[in-house]
Amino acid sequence: GPIILQTYRAIADYEKNSKNELAVSAGDIVDVVEKSEHGWWFCQLKNKRGWVPAAYLEPIDSPDEPEEADPNYEGELYIIITGYTADQDDELTLKEGESVEVIHKLLDGWWVVRKDETTGYYPSMYMQKSGEKS
Amino acid sequence: TIKRPPENPPPRPPPEARKK
């Protein structure tokens, strides 16, 4: 049968930062072809295609079931595969090899994680489930 | 064809998203 793509609206302007991305302006209507787990969605806008940050998109017709998983306060063990220095005060600074507990997997690719007593955002792209090969 | 996703993480949500 025909593939029915989900339609989203851009909530803000987004400028491309790398080759395979797609620039959008607030109000643009895009079709989402694929959603990566790390917050990048492959979209189609007229005749252009490319990756757009999920954080910049909102559903046109609110989906019946919530897209985002509920938080898991027990935490899921993940290993840091790429270090990152916090840019905003609600983010964490962590080094490669450290382990963290993932509490909430958000669609925009910034997950809520806990390290000892501190909780904050960290890019899901820089983490890997403990015990899994990359 | 779906191109390779960017290597860097996406930006944090824009202010417009946080107003919600």
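Going down the list, the sequences are from chains A and B. The numbering of the first sequence is my numbering, which starts it at 1411 and goes up by one. The numbering of the second sequence is my numbering, which starts it at 14 and goes up by one. Quick reminder that beta carbons are idealized off the backbone N, C-alpha and C, glycines included.
Whether residue i touches residue j by CB criterion (8 Å)
i               : j               : result
I1421 (chain A) : L1467 (chain A) : yes
R1459 (chain A) : G1437 (chain A) : no
P1469 (chain A) : W1450 (chain A) : no
Y1531 (chain A) : D1499 (chain A) : no
When the options are compared against residue i, the one with the closest alpha-carbon
i               : options                            : result
P18 (chain B)   : A:E1477, A:E1444, A:L1502, A:A1496 : A:E1444
V1523 (chain A) : A:T1503, A:E1542, A:N1427          : A:T1503
Y1494 (chain A) : B:A30, B:T14, B:K16, B:P22         : B:P22
R25 (chain B)   : A:Y1483, A:P1412, A:K1525, A:D1518 : A:D1518
L1487 (chain A) : A:V1512, A:E1527, A:K1429          : A:V1512
Y1480 (chain A) : A:E1425, A:K1525, A:W1521, A:P1533 : The residue you asked about is not Tyr; residue 1480 (chain A) is Asp in the sequence shown. For the residues A:E1425, A:K1525, A:W1521, A:P1533, the minimum Cα distance to D1480 (chain A) belongs to A:W1521.
Chain-order list of residues whose beta-carbon lies under 6 Å from that of residue i (same chain, five-residue window excluded)
i               : result
E1431 (chain A) : G1460, W1461
Q1416 (chain A) : V1442
E1508 (chain A) : I1490
Sheet register partners of residue i (DSSP bridge)
i               : result
E1444 (chain A) : A:F1452
G1530 (chain A) : A:V1523
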